[in-house]
Every structure is written in C-alpha cells, then in structure tokens.
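Letter by letter, the sequence shown follows residues 0 to 205 of numbering that gives the first Met the number 0. Glycine residues also receive a C-beta, built at the ideal position from the N, C-alpha and C atoms. All figures in this text were calculated on a predicted structure; none of them were measured in a lab.
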Amino acid sequence: MKLLSWTSVQVQEHCESLDNKEKQELYRQVLKKAKDAIESNDISQLKKLSEVTVVMEEVCEKELIKSCDDENPLREANIVVENKGLTNYLFSLGGSSKLYDLRENKEEALYQAIKSNDVELVKHLLTILLPEKINKMDLDYLHEKLSKAYEEPNLSEDMKIYLENKIRLYGFLCGCKNNIGAIELFANRPEADYEIDRLLLFVIMD
C-alpha cells in the first residue's frame with residue numbers, strides 16, 4: 000500500500016483529491032490492513048496504518064466513515080505484544096484511531112492515559128512500566144511524571160485521588176534504602192493506599 004511510505008501531507012492531499020465513494024473505499028482498505036497487521040503482530044506496519052487512518056479521519060466527513068466504526072480495530076484498542084522477553088503495549092483512546100506505543104514513547108502514552116481519566120488504564124500502564132527488578136530510577140521517573148500530570152486541568156476526582164496516592168507512595172519508596180523485595184511488592188500494587196502501605200512497609204522492613 001503506497002500510502003504507508005507517504006508523509007502525512009501527501010496522504011492528506013491524496014485523500015482530498017478523491018470523491019466520497021473513493022474515500023470510503025480507501026478507508027475500508029486501510030482498516031482491513033490494520034486488522035491483518037494486528038493478527039500478524041506487525042507492529043511497525045500497524046503504527047503506520049494508524050497514522051494514515053488519523054489523517055483520513057481528519058479529511059473525511061464524520062458521516063462518511065461512521066458506517067465503518069464497527070470495522071475499525073484501532074478504536075479503543077488494547078494490543079499487547081511479547082517480543083524477545085519484553086512486553087509492549089499499544090492503545091488508543093475514545094473515538095480516535097491514534098495508537099500510543101508505551102515502549103516507544105512512554106511519557107506521552109502515560110500522559111494521554113491520565114488525561115483520559117481512565118484510572119484502570121493508568122493502573123495497567125504502571126504495572127507494565129515497572130519492571131520486575133525495580134530500581135530507584137524507575138520510581139523517580141514515575142514519581143516525576145505523575146506529579147507533572149497531576150497538574151493537568153480537567154482531571155476527574157477519581158483520577159486525582161489515584162494519582163495522589165501513587166505520588167505519595169512512590170515518593171516514600173524512593174527514600175527506602177533497603178529491602179528491595181518489599182519495595183517491589185508495594186510499588187506494583189494496582190490499588191494504592193499510602194498510609195496503609197507506609198505502615199506495612201515499616202513493619203516488613205523493621
């Protein structure tokens with residue numbers, strides 16, 4: 000498919016040159032290719048198809064491609080890929096076909112997930128981002144990024160509460176100098192209650 004080697008501007012110009020029927024047909028072809036890429040775990044191609052789809056959605060009238068919504072594997076996608084012992088995770092948010100790659104750009108992926116106010120998604124991303132062997136750099140990084148994202152306006156109360164607990168917990172864990180096993184256990188807990196976790200850690204590490 001030639002479009003995959005084109006720039007976003009070239010894709011846009013090509014789509015604008017098509018009539019409505021041709022746009023709709025091309026959009027369906029791109030979605031079919033995306034399904035094939037998911038089935039074959041061709042993540043590189045899938046991300047290119049996502050970029051093409053986003054451009055097409057900006058060019059085409061919503062009513063024109065609305066009939067294809069059920070065929071779109073890129074909407075509200077949750078794609079887990081195992082490669083050479085590493086887990087990669089790609090996802091999209093809401094009605095967008097834009098895929099976020101957690102390994103390629105974890106800062107942007109985490110930030111967009113927080114902005115979406117999807118607490119369960121953020122929990123899942125943090126579980127993936129924290130490796131089995133946690134080090135202080137991992138905790139420092141997440142503490143910094145969560146603190147920055149917390150300043151984002153329009154966060155839901157549930158998201159704010161979740162972030163507050165995680166920020167305080169990661170901040171506390173960053174100050175722990177021993178018993179890394181206990182730190183790993185608590186850092187990876189999807190549910191965070193700072194005061195309870197802090198008390199339990201003191202008991203374990205005493």
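- Around the beta carbon of N19, a 10 Å sphere encloses fewer than 16 other beta carbons of the protein chains shown; the residue is thus reported as exposed.
- Rounded to the nearest whole angstrom, the CA to CA distance from Y149 to K159 is 7 Å.
- If you look at N19, you'll find it in the alpha helix (DSSP H) that goes 19-38.
- Apart from sequence neighbours up to five positions away, the residues of its chain that approach E15 with a beta-carbon distance below 7 Å are V58, ordered along the chain.
- A distance of 9 Å or more separates the beta carbons of V80 and N71.
- Judged by DSSP in its simplified three-state form, N164 adopts helix.
- Distance from the CA of L154 to the CA of N104, rounded to the nearest whole angstrom, comes to 22 Å.
- Per DSSP, reduced to three states, the secondary structure at D68 is helical.
- Closest option to E119, judged by alpha-carbon separation, among L92, E106, T6: L92.
- Measuring C-alpha to C-alpha distances from I64 to each of L168, S95, A36 identifies S95 as the nearest.
- If you check the CB distance, L45 and V29 do not come in under 9 Å.
- Between the alpha carbons of D157 and E12 lies a gap of roughly 42 Å.
- Between L128 and L109, the CB-CB gap stays under 9 Å.
- Between the C-alpha atoms of K122 and S4 there is a straight-line separation of about 35 Å.
- For secondary structure counted as the beta strand (DSSP E) over 3 or more consecutive residues, the region 50-131 holds these complete runs in sequence order: 77-82, 85-90.
- Following the DSSP letters along the chain, one finds E12 inside the alpha helix (DSSP H) bounded by residues 7-15.
- When only Cα atoms are considered, V51 and F171 end up about 44 Å apart.
- The beta carbon of G174 lies closer than 7 Å to none in the same chain, with the five residues before and after it left out.
- With contacts defined by Cβ atoms closer than 9 Å, L124 and K97 do not form a contacting pair.
- With distances taken between CA atoms, K22 lies nearest to E60 out of E60, D35, N40.
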